[in-house]
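For reference, the structure discussed in these notes is given below.
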Amino acid sequence: MPQGSILGPLLFLVYINYLPKAIEHKVLPILFAEDTSILLTSPNNIQMQSDLSIVFEQLIKWFKSNVLFLNFDKTYFIQFNSTRKGTSQIKINSEDKQISIANETKFLGLSINNNLSINNNLSWKTHIECIKSKLNSAFLLK
């Protein structure tokens, strides 16, 4: 497909549309254009580690059977906790590579981060700072 064509993204969406059916283990896959996010909740870090391992096995299997590959340089995870208990580091390994841990990400246009100073709780600080910066520059242009 030529880059910039209308048919390319449509065929990609049809091609990847069955990915959520391949992951049948306590997750909510979210497909948006070429970005895929997988939301997973677990009662504790031990269960989270186990669930993530199963999900990544299913993902890698689906990618291989559909002649695709997972770009480990662009794959990362971010963890949020609902309790004030300390957290242990979760490690996700797949095909002898480790998935990187991120402290902030963009999700459907929202910048979110886990505020490490408040026990990995969800924080909108990054998004608010981004919006403030855009608003300030818009007012300076007038």
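Heads up: the sequence shown begins at 1 in the working numbering, then just goes up one per residue.
Glycine is no exception: its CB is placed at the ideal position from the N, C-alpha and C atoms.
To which residues of the same chain is Leu-39 closer than 6 Å at the C-beta, ignoring the five residues directly before and after it? Taking the sequence shown and counting its residues from 1, the one referred to as residue 39 is at position 39. Taking Leu-39 as the centre and dropping the five residues before and after it, the same chain places the C-beta of Leu-28 closer than 6 Å to its C-beta, in chain order.
Sub-7 Å separation of Ala-22 and Gln-58 beta-carbons: If you number the sequence shown from 1, residue 22 lands on position 22. If you number the sequence shown from 1, residue 58 lands on position 58. In this structure, Ala-22 sits near Gln-58, with a CB-CB distance shorter than 7 Å.
Gln-150 vs Ile-90 beta-carbon contact at 7 Å: Given a span of 1 to 142 for the chain in the structure shown, any question on residue 150 remains unanswerable.
Hey, Ser-99 and Thr-75: beta-carbon distance below 7 Å or not? As a first step, residue 99 is located in the sequence shown; it is residue number 99 there, counting from the start. As a first step, residue 75 is located in the sequence shown; it is residue number 75 there, counting from the start. The identity of residue 99 in the sequence shown is Ile, whereas the question assumes Ser. Against a cut-off of 7 Å, the Cβ pair of Thr-75 and Ile-99 comes out as a contact.
Is Phe-56 buried or exposed, if buried means 16 or more other CB atoms sit within 10 Å of its CB? For the purposes of this step, residue 56 is taken as residue 56 along the sequence shown, with counting starting at 1. Per the 10 Å Cβ criterion, buried.
With burial defined as no fewer than 16 other Cβ atoms inside 10 Å of the residue's Cβ, what is the status of Leu-143: buried or exposed? Outside the modelled stretch of the chain, which goes from 1 to 142, sits residue 143, for which no answer is possible.
Run through DSSP, which three-state label would Ser-133 get? In the sequence shown, the residue the question calls residue 133 occupies position 133. Reduced to three states, the DSSP call for Ser-133 is helix.
Using alpha carbons as the reference points, say which of Thr-36, Tyr-18, Phe-32 and Glu-34 lies closest to Ser-65. In the sequence shown, residue 65 corresponds to position 65, counting from 1. Ranked by Cα distance from Ser-65, the options Thr-36, Tyr-18, Phe-32 and Glu-34 are led by Tyr-18.
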